[in-house]
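Visitor:
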Amino acid sequence: TSTPKHEPNLRRLDKHRRFNGRLEHLRGTALGFRNLTNYITRALLDTGGFRPLLHPHLR
Numbered sequence: 001t002s003t004p005k006h007e008p009n010l011r012r013l014d015k016h017r018r019f020n021g022r023l024e025h026l027r028g029t030a031l032g033f034r035n036l037t038n039y040i041t042r043a044l045l046d047t048g049g050f051r052p053l054l055h056p057h058l059r
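Just so you know, we're using the UniProt record's numbering here: the sequence shown kicks off at 1 and counts up by one.
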């Protein structure tokens, strides 16, 4: 079976849309924040950035 020529373009477009969706989500998270530190904290909480780091040997 052969793959259509437009398939790589669709993958690239899908990746672009997913990235834009993430940016829009972060933009929505930022609404109402005047303090950059509070916004960064909220964004990290929202994305799971505060997960505890485990030592590589303990995983």
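Don't be surprised by glycine CBs; every beta carbon is placed ideally from N, CA and C.
In three-state DSSP terms, what is PHE33?
Guide: Along the sequence shown, one-based indexing puts residue 33 at 33. DSSP places PHE33 in coil when its eight states are reduced to three.
Visitor: In angstroms, rounded to a whole number, what distance separates the CA positions of ALA11 and ARG18?
Guide: In the sequence shown, residue 11 corresponds to position 11, counting from 1. In the sequence shown, residue 18 corresponds to position 18, counting from 1. According to the sequence provided, residue 11 is Arg. The question's Ala does not apply to it. One C-alpha to the other measures close to 11 Å.
Visitor: Helix or strand or just coil, what does DSSP make of PHE19?
Guide: Against the sequence shown, residue 19 aligns to sequence position 19. DSSP places PHE19 in helix when its eight states are reduced to three.
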